[in-house]
Amino acid sequence: CLLGPMSTPHILAHVTLPQKGSVTLEQTVDAGLWRLRTLEAGPQRDIDHPGGPFAEMRIGEAAISMGEPAPAGQLRIVNDCRYERTAVIEDRGWTKDALTADHVTSLQTFRDLFSDQVLRPGDEVGVARIALLFSDLEGSTALYGRVGDAPAYHLVREHFAFMQEIVRDEGGTIVKTIGDAVMAAFIEPASAVRAAIVMQRRLVARPPGERLRLKLGLHEGPCIAVTLNDRLDYFGTTVNMAARLQSLGQGDDIILSRELVEEPAVSALVAGMDSEMREARLKGFAEPVRYFRLRFD
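Just so we're aligned, residue 853 is where the sequence shown starts under my numbering, counting upward by one.
Next comes the structure, spelled out in structure tokens:
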């Protein structure tokens, strides 16, 4: 059958209740993400069940509410409506594997292969969380004067390719380049910080005559995605903060926002590194901002 148990393994319970009726099933609900809904048009509710006794599911006219916990190993459903309803409880664990738009647009491969897939001009989309990296070359103007325009431009182009390789390896994307600066985006904060660390370690390992000094600033948080100059770009306070933090760099260092360092995966990544906590006033921000500086010199 099309909607039988074999073809819908994510459905834990599917039962029809008469008006003002109830049912008790011998069923354990495992810890995880679950959706409570009705087969007919009506309300639904998503819950994150911690495990143990599952609360009674009550179907109302406008909402699904949770009552008292049922006895262990039982699932109780109540229909408070004046007509028959079919209750469905389904596993939403698959959402952890879903590839959402904010994730796919932060992949370099997507931007390389589908660069024309952008938002309609004037549209904007909220992104709940993204990690942003801004870079700048220390003393790039002096570099052009010291070695000449053509050699300096060649070094900068090699620098862009070098950064793009590392960003791609860590699952991020180059959003844009501005002069000799780069803006990159990552879904995972730890990936952004790991990419920054790899960049600095590779640069400081180069011979003195061949290396460039890089300033990096990173922050994570919500922003909006828009189409600008025929490509997807990001705007908002998170973007401004990351850019301002980069300006605090002195070269051969990484500037991380406090929020970023408080991420458990990031905290573990930078533990034991040569770092210091500082505070500064940044243009456009009313309160002083605390940040961490990782040194590689």
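Every residue gets a Cβ at the ideal spot worked out from N, C-alpha and C, and that includes glycine.
Straight across, the Cα-Cα distance linking Leu1100 with Arg1133 is about 10 Å. Cα atoms of Glu920 and Leu1108: separation of roughly 46 Å, rounded to the nearest angstrom. For Gln926, the uninterrupted beta strand (DSSP E) segment begins and ends at 926 to 931. For the 8 Å CB-CB criterion, Leu1097 and Gly1069 form a contact. Contact annotation: Ala883 and His901 have beta-carbon atoms nearer than 8 Å. The beta-bridge partner set that DSSP reports for Leu888 consists of Arg897, Ile941.
Looking from the CA of Ser874, the closest CA among Ala1123, Gly903, Arg910 belongs to Arg910. DSSP assignment within the region 1001 to 1037 yields the following whole beta strand (DSSP E) runs of 3 residues or more, N-terminal first: 1025 to 1030. C-alpha of Ile982 to C-alpha of Asp932: approximately 42 Å in a straight line. Closest in alpha carbon position to Glu1010, among Val979, Thr876, Val1034, Val1027, is Val1034. In this structure, the alpha-carbon of Glu1115 lies about 16 Å from that of Ala1048. Bridge pairing for Ser874: Val930 [DSSP].
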